[in-house]
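As given, the protein sequences belong to chains R and G, one line each in that order.
Here the numbering used here is used: position 7 in the first sequence is 21, and no number is missing along the way.
Here the numbering used here is used: position 6 in the second sequence is 37, and no number is missing along the way.
For glycine and all other residues, C-beta sits at the position ideal for the given N, C-alpha and C.
Structure first, commentary second.
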Amino acid sequence: SQTIHQWPATLVQPVGSPLSLECTVEGTSNPNLYWYRQAAGRGLQLLFYSIGIGQISSEVPQNLSASRPQDRQFILSSKKLLLSDSGFYLCAWSAQGSGELFFGEGSRLTVL
Amino acid sequence: KNQVEQSPQSLIILEGKNCTLQCNYTVSPFSNLRWYKQDTGRGPVSLTIMTFSENTKSNGRYTATLDADTKQSSLHITASQLSDSASYICVVNPLGSSGTYKYIFGTGTRLKVLA
Chain R
15 SQTIHQWPAT
25 LVQPVGSPLS
35 LECTVEGTSN
45 PNLYWYRQAA
55 GRGLQLLFYS
65 IGIGQISSEV
75 PQNLSASRPQ
85 DRQFILSSKK
95 LLLSDSGFYL
105 CAWSAQGSGE
115 LFFGEGSRLT
125 VL
Chain G
32 KNQVEQSPQS
42 LIILEGKNCT
52 LQCNYTVSPF
62 SNLRWYKQDT
72 GRGPVSLTIM
82 TFSENTKSNG
92 RYTATLDADT
102 KQSSLHITAS
112 QLSDSASYIC
122 VVNPLGSSGT
132 YKYIFGTGTR
142 LKVLA
């Protein structure tokens, strides 16, 4: 069966520090991968999606970047965090040709 | 503009009672509509999925309905339990996404079930 792992679950970082959130998917090949941010009282905002290794699409201009070094690995990064980067980040995957999204457990980022 | 709106924003009910959550969307055409349950601090988990041609879909105590003419969906929870306390998110998947799905998310309804 397929599983998705996301870490760390909780992160407290000072403004200006770097960020790395990692997500891996097991039990499937060539998944579509996504990074979402969820702000309190708001819907999920798509940050990045990837249809293959090294293929990253950005949905909104921001202080963050994403990379897909391996087929089932998706990394969300920042060189210098801003206060506005605080939020709940969710990694998700879907099979090619299928619309169902499967989410990771989420990462709570607090920038102080 | 493709939008998904949910109501109410929050809801409090007593354990054992039924409730209905609403989802109105402007996405057209669309491929399918899903309801997700999200426990606090956790990732969303799919409850139901319906294509545009389906009217109703059940998953245990959860029943989703879809009216493609009025562009409305509802999620009915029967005999609520304390574990139903969560946010419920309506997600619409537009057609024509070129193989990559750009889902449209509602802001969710926060349900609290009291003993």
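Chain order gives the chain R residues near G:G74 as L104, F117, G118, E119, G120, where near means a beta carbon separation below 7 Å. Here the C-alpha atom of R:R51 lies approximately 21 Å from the C-alpha atom of G:L64.
Per the coordinates, the alpha-carbon of G:G139 lies some 5 Å from the alpha-carbon of G:Y119. R:A54 sits away from R:R122, with the two beta carbons spaced by 8 Å or more.
Proximity of R:R56 to chain G, defined by a Cβ-Cβ separation below 8 Å, is satisfied. When G:W66, G:A110, G:N86, G:I43 are compared, the shortest CA-CA separation from G:C54 is found for G:W66. Contact between the region 106-120 of chain R and the region 102-111 of chain G is absent: fewer than three C-beta pairs spanning the two stretches fall below 8 Å. Under the three-pair Cβ rule at 8 Å, the region 100-109 of chain R counts as touching the region 36-49 of chain R. Per DSSP, reduced to three states, the secondary structure at G:S62 is strand.
For R:L123, the uninterrupted beta strand (DSSP E) run begins and ends at 121-125, by DSSP. Put simply, of G:P125, G:R141, G:V144 the residue whose alpha carbon is nearest the alpha carbon of G:V35 is G:P125.
For G:S105, the uninterrupted beta strand (DSSP E) run begins and ends at 103-108, by DSSP. For G:V122, same chain residues with a beta-carbon under 8 Å away, outside a window of 5 residues either side, are V35, L64, R65, W66, Y67, Y134, I135, F136, G137 in chain order. In the DSSP assignment, R:K93 forms no beta bridge with any residue.
DSSP, read as helix, strand or coil, puts R:D99 in helix. Contact annotation for G:S77 against chain R: E114 [CB-CB distance below 7 Å, chain order]. Straight across, the Cα-Cα distance linking R:V29 with R:Q59 is about 22 Å.
Within a 10 Å sphere around the beta-carbon of R:R86 sit 16 or more other beta-carbons, which makes this residue buried. Contact of R:L35 with chain G is not assigned, every C-beta pair being separated by 8 Å or more.
Secondary structure note for R:S71: its beta strand (DSSP E) is the uninterrupted segment 69-72.
Not flagged as an interface residue toward chain G: R:L61, since no C-beta distance is shorter than 8 Å.
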